[in-house]
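Note sheet for the following structure.
Number of protein chains: 2
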Amino acid sequence: MVEPKSTRQKSKTQDQHIYEEIFDAILEQRLWPGTRLKEESLGEIFGVSRTIIRRTLSRLAHERVAVFEPNRGAFVAEPDVSDARQILDARRLMELAIVEKVAERASSIKSEFKKLYELIEQEHKSSAAADKGTAIRLSGEFHLQLARLSGNKPLEGFLHSLVPQTSLIIALYQSKEGSRCAIDEHSRLLDALKLGDAALAKRLMGEHLDHIEDRLALDESAGNRNLAKVFGRRVDKAGA
Amino acid sequence: MVEPKSTRQKSKTQDQHIYEEIFDAILEQRLWPGTRLKEESLGEIFGVSRTIIRRTLSRLAHERVAVFEPNRGAFVAEPDVSDARQILDARRLMELAIVEKVAERASSIKSEFKKLYELIEQEHKSSAAADKGTAIRLSGEFHLQLARLSGNKPLEGFLHSLVPQTSLIIALYQSKEGSRCAIDEHSRLLDALKLGDAALAKRLMGEHLDHIEDRLALDESAGNRNLAKVFGRRVDKAGA
DNA sequence: TACTGATGAATTGTATACAATCTATTAATC
DNA sequence: GATTAATAGATTGTATACAATTCATCAGTA
Numbered sequence: 156m157v158e159p160k161s162t163r164q165k166s167k168t169q170d171q172h173i174y175e176e177i178f179d180a181i182l183e184q185r186l187w188p189g190t191r192l193k194e195e196s197l198g199e200i201f202g203v204s205r206t207i208i209r210r211t212l213s214r215l216a217h218e219r220v221a222v223f224e225p226n227r228g229a230f231v232a233e234p235d236v237s238d239a240r241q242i243l244d245a246r247r248l249m250e251l252a253i254v255e256k257v258a259e260r261a262s263s264i265k266s267e268f269k270k271l272y273e274l275i276e277q278e279h280k281s282s283a284a285a286d287k288g289t290a291i292r293l294s295g296e297f298h299l300q301l302a303r304l305s306g307n308k309p310l311e312g313f314l315h316s317l318v319p320q321t322s323l324i325i326a327l328y329q330s331k332e333g334s335r336c337a338i339d340e341h342s343r344l345l346d347a348l349k350l351g352d353a354a355l356a357k358r359l360m361g362e363h364l365d366h367i368e369d370r371l372a373l374d375e376s377a378g379n380r381n382l383a384k385v386f387g388r389r390v391d392k393a394g395a
Numbered sequence: 156m157v158e159p160k161s162t163r164q165k166s167k168t169q170d171q172h173i174y175e176e177i178f179d180a181i182l183e184q185r186l187w188p189g190t191r192l193k194e195e196s197l198g199e200i201f202g203v204s205r206t207i208i209r210r211t212l213s214r215l216a217h218e219r220v221a222v223f224e225p226n227r228g229a230f231v232a233e234p235d236v237s238d239a240r241q242i243l244d245a246r247r248l249m250e251l252a253i254v255e256k257v258a259e260r261a262s263s264i265k266s267e268f269k270k271l272y273e274l275i276e277q278e279h280k281s282s283a284a285a286d287k288g289t290a291i292r293l294s295g296e297f298h299l300q301l302a303r304l305s306g307n308k309p310l311e312g313f314l315h316s317l318v319p320q321t322s323l324i325i326a327l328y329q330s331k332e333g334s335r336c337a338i339d340e341h342s343r344l345l346d347a348l349k350l351g352d353a354a355l356a357k358r359l360m361g362e363h364l365d366h367i368e369d370r371l372a373l374d375e376s377a378g379n380r381n382l383a384k385v386f387g388r389r390v391d392k393a394g395a
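Going down the list, the protein sequences come from chains E and R. Sequential numbering from 156 applies to the first sequence in this note's numbering. Sequential numbering from 156 applies to the second sequence in this note's numbering.
Rendered as structure tokens:
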């Protein structure tokens, strides 16, 4: 079993792998807002040079999941209250449009729904196993899969950046713990979609998003959660 | 007057400048879909190394304005008919949402409208001067400015990638020449927005987009316009 | 002539070297 | 002791070197 001599052939998938690893870490809230993303450390972790890491970080930065501070490097984004409102607002707009499109296409994508039910099944399992990180990530993936079924790639791409940003917002501003009813909401939403009931699906999605937002404390004072910003200091939350 | 010793200080603006130069060239349809974007050539043109060019190209690729073909380099994107429909569909969704938001905020952003009227004025001028490229670009910028006034940065960013993509679609699929009524449409739209008449503004925006799409030939056979793809060949449309 | 295969130039993909900048530590001054 | 200045170490930003791949040219063959 000879290793491929070329280091380039894997490049595309290698890139994608590193990206997804960081992406998932953010979805699962293992990577906290404000965490420093040191290039050399990441390079060692994934066994590539800074060149590759830099490309990944720049992709994350473009999706507003990370931010570059000039000469200081990349950090996991910390959306402030105003950012959060805009992100959630944009996401609602997108999700409702997506749900409508999926409902319209319901009859022609029947086979795809099966996968989504399986995803919900997994959500249940990890929720039951108290594997919170995985449960959160799967929840996000449910929404991403829905976006894919909309059949509109630009929309899918846009939601792909809004979902992890939402994850960061939840990390920063969630006040009440999420009752896991969200999973049942997914499943009822999917039922409505399969029947092609756009109106019901949109209502359910709207309520689903309401519930997520209800758990957040997005009043201005909530900004105080971000102590570093309040005191104008910079804190590296991950050194290694 | 001493030059700044550092080559890094300008980096952020330098980057932005190169990006905008290419962005504008695409908006003005000086850069045609399928054009090869050779790294070294661009580097020489802008006096920077491939590193910087590569970053710019990767940004354009992320916005789907350029595409990377592995080991072959970057090319100006050539959205096919299916892509085009999805892009236009997404854009309609965005533009209507944006118009609604701007109408809602009309009273609190009165001073901003002035700039937009000036932009329309410029559009008139370049149109009168038969400066088609500039006219097209300014038309795109009008929509981008509107997006900015929506007060939603994610939406603004998303439209920022949809506008040049629309430009590529027009380049590829426009069958009838655009009557320059579009400028008057901008101006009537702006009137409605200033009055905060969301319903009217949305109707006008919808019609505006209809008119753009009316001039396109997006039936399946339209794909034949892209001869290179029909014959499975690759053609470099710009060598230098 | 048309087709295949080999050779070399051109171009991309990645790693690395080096310069600019920032950060932390220590020394110096009041 | 607190504040500022200076220095060394760490990290980012850019250019460049080198390897891998593609592309064009041109023999060779039927």
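All residues carry an ideal CB built from backbone N, CA and C; glycine is no exception.
Against chain E, which members of the region 250 to 264 of chain R pass a CB distance test of less than 7 angstroms?
Ala252
Quick check on DSSP: helix, strand or coil for E/Ala229?
On the first sequence, residue 229 of chain E is found 74 positions in, with the first residue counted as 1. Three-state result, E/Ala229: strand.
Contiguous alpha helix (DSSP H) assignments of at least 4 residues, all confined to the region 333 to 375 of chain E:
336 to 349, 353 to 369
Which of the residues in the region 164 to 189 of chain E, read from start to end, lie with their CB under 9 angstroms from any CB of chain R?
Ser166, Lys167
Assign E/Gln329 to one of three DSSP states: helix, strand, or coil.
Numbered from 1 along the first sequence, position 174 holds the residue referred to as residue 329 of chain E. Reduced to three states, the DSSP call for E/Gln329 is strand.
To which residues does DSSP link R/Leu299 through a beta bridge?
As a first step, residue 299 of chain R must be located in the second sequence, where it is residue number 144. Paired residue(s): none; R/Leu299 is not in a bridge.
With 16 as the cutoff for other CB atoms within 10 Å, does E/Leu359 come out buried or exposed?
Looking up residue 359 of chain E in the first sequence gives position 204. Classification of E/Leu359: buried, given that the 10 Å Cβ count is 16 or more.
Label R/Leu382 either buried or exposed according to how many other C-beta atoms from any shown protein chain fall within 10 Å of its C-beta, with 16 as the threshold for buried.
In the second sequence, the residue the question calls residue 382 of chain R occupies position 227. Note on R/Leu382: pLDDT 47, under 50, position unreliable in the model; no value is reported.
Can you tell me which of R/His172, R/Glu183, R/Tyr174, R/Gln171 puts its alpha carbon nearest to the alpha carbon of R/Glu296?
Counting from 1 along the second sequence, the entry for residue 296 of chain R is found at position 141. Ranking the options by Cα distance to R/Glu296, first place goes to R/Glu183.
Mind pulling the chain R residues with CB within less than 7 angstroms of E/Ala245?
Within the first sequence, the letter at position 90 stands for residue 245 of chain E. Per Cβ cutoff of 7 angstroms: Asn307, Pro309, Leu310.
List, in order along the chain, the chain R residues whose C-beta lies closer than 7 angstroms to that of E/Arg313?
Locating residue 313 of chain E in the first sequence gives position 158, where the first residue counts as 1. Inspection of the sequence shows that residue 313 of chain E is occupied by Phe rather than by Arg. Simply Phe313.
Assuming E/Asp244 and R/Asn307 make a contact with CB atoms under 8 angstroms, what is their CB distance in whole Å?
In the first sequence, counting from the first residue as 1, residue 244 of chain E sits at position 89. In the second sequence, counting from the first residue as 1, residue 307 of chain R sits at position 152. 6 angstroms between Cβ atoms; contact.
Exposure label - R/Glu158; buried when at least 16 CB within 10 Å:
The count along the second sequence starts at 1 and reaches residue 158 of chain R at position 3. For R/Glu158, the pLDDT reaches just 39, beneath the cut-off of 50, and the residue's location in the model is therefore unreliable, although a value from the coordinates is still provided. Exposed is the call here.
If I follow the unbroken beta strand (DSSP E) through E/Val222, where does it start and stop?
Working through the first sequence from its first residue, we reach residue 222 of chain E at position 67. First-last of the beta strand (DSSP E) with E/Val222: 221 to 224.
Check R/Arg247 in the structure and name its three-state DSSP category.
Residue 247 of chain R sits at position 92 when you count from the first residue of the second sequence. Three-state result, R/Arg247: helix.
I'd like to know if E/His341 contacts chain R, where contact means its C-beta is closer than 8 angstroms to some C-beta of that chain.
As a working note, residue 341 of chain E is residue 186 in the first sequence. So no, E/His341 is outside the interface.
C-alpha gap between R/Phe313 and R/Met249, whole angstroms
Along the second sequence, read from residue 1 onward, the residue named residue 313 of chain R stands at position 158. Along the second sequence, read from residue 1 onward, the residue named residue 249 of chain R stands at position 94. The straight-line gap from Cα to Cα measures roughly 8 angstroms.
Got a sec: is the Cβ-Cβ distance from R/Ile242 to anything in chain E below 8 angstroms?
Position 87 of the second sequence holds residue 242 of chain R. Yes, R/Ile242 counts as interfacial toward chain E.
With 16 as the cutoff for other CB atoms within 10 Å, does E/Arg185 come out buried or exposed?
Your numbering for residue 185 of chain E matches position 30 in the first sequence. Per the 10 Å Cβ criterion, exposed.
Beta-carbon separation of R/Thr211 and R/Asp170 under 8 angstroms?
For the purposes of this step, residue 211 of chain R is identified with residue 56 of the second sequence, where counting begins at 1. For the purposes of this step, residue 170 of chain R is identified with residue 15 of the second sequence, where counting begins at 1. Their beta carbons are under 8 angstroms apart, which means R/Thr211 touches R/Asp170 by this criterion.
Taking 8 angstroms as the threshold (beta carbon to beta carbon), is E/Leu299 in contact with chain R?
As a position in the first sequence, residue 299 of chain E is number 144, starting the count at 1. So, not an interface residue.
Can you grab the Cα-Cα spacing for the pair E/Ile242 / E/His279, in whole Å?
Numbered from its first residue, the first sequence carries residue 242 of chain E at position 87. Numbered from its first residue, the first sequence carries residue 279 of chain E at position 124. Taking the straight line joining both Cα atoms gives about 27 angstroms.
Quick one: residues in its chain with C-beta nearer than 7 angstroms to the C-beta of R/Ala356, no 5 flanking neighbours on either side, listed in chain order?
Stepping through the second sequence from its first residue, residue 356 of chain R is reached at position 201. The residues are Val254, Ala258, Leu344, Ala347, Leu348.
Please confirm if E/Pro234 has its CB atom under 8 angstroms from at least one CB of chain R.
Here residue 234 of chain E corresponds to residue number 79 of the first sequence, with the count starting at 1. Judged by the 8 angstroms Cβ criterion, E/Pro234 is not in contact with chain R.
In terms of residues, what are the limits of the alpha helix (DSSP H) holding E/Lys193?
One-based indexing of the first sequence puts residue 193 of chain E at position 38. Note, E/Lys193: premise wrong, no alpha helix (DSSP H); not H, not E.
Could you have a look at E/Glu255 and say whether DSSP puts it in helix, strand or coil?
Locating residue 255 of chain E in the first sequence gives position 100, counting from the first residue. E/Glu255 falls in the helix class under three-state DSSP.
For R/Arg389, collect the residues of the same chain with a Cβ closer than 6 angstroms to its Cβ; drop the 5 residues on either side in sequence, then sort them by chain order.
As a working mapping, residue 389 of chain R is identified with position 234 in the second sequence. Residue confidence is low: R/Arg389 scores 45 on pLDDT, short of 50, so the model does not pin down where it sits. Its coordinate-derived value is still stated next. Closer than 6 angstroms at the Cβ level, and outside the excluded window around R/Arg389, lies no residue.
Contact set between E/Arg303 and chain R, taken where Cβ atoms lie within less than 8 angstroms
One-based indexing of the first sequence puts residue 303 of chain E at position 148. Within chain R, no residue comes near E/Arg303; the closest Cβ sits about 12 angstroms away, beyond 8 angstroms.
Quick one: any contact between the region 264 to 271 of chain E and the region 206 to 223 of chain E, if contact means 3 or more CB pairs under 8 angstroms?
no
What residue from E/Ser196, E/Arg246, E/Ala180 has the CA that sits closest to E/Gly228's CA?
Residue numbering aside, residue 228 of chain E sits at position 73 when the first sequence is read from its first letter. The residue with the shortest Cα to Cα distance from E/Gly228 is E/Ser196.
Using a beta-carbon distance below 8 angstroms, is R/Ser213 in contact with chain E?
For this step, residue 213 of chain R is matched to residue 58 along the second sequence. With 8 angstroms as the cut-off, R/Ser213 counts as an interface residue toward chain E.
Run through DSSP, which three-state label would E/Glu183 get?
What you label residue 183 of chain E is simply residue 28 of the first sequence in a count that begins at 1. The answer is coil: DSSP assigns E/Glu183 none of H, G, I, E or B.
CA-to-CA distance, E/Glu224 to E/Ser294, given in whole angstroms
Counted from its first residue, the first sequence places residue 294 of chain E at position 139. Counted from its first residue, the first sequence places residue 224 of chain E at position 69. Looking at the two C-alpha atoms, the distance is approximately 31 angstroms.
Quick check on this structure: which residue in R/Pro188, R/Ile207, R/Arg303 has the alpha carbon closest to the alpha carbon of R/Glu194?
As a first step, residue 194 of chain R is located in the second sequence; it is residue number 39 there, counting from the start. With distances taken between Cα atoms, R/Glu194 lies closest to R/Ile207.
Going along chain R in order, which residues have a C-beta closer than 9 angstroms to the C-beta of E/Leu317?
Residue 317 of chain E sits at position 162 when you count from the first residue of the first sequence. Going along chain R in sequence order, the residues near E/Leu317 (Cβ under 9 angstroms) are Pro309.
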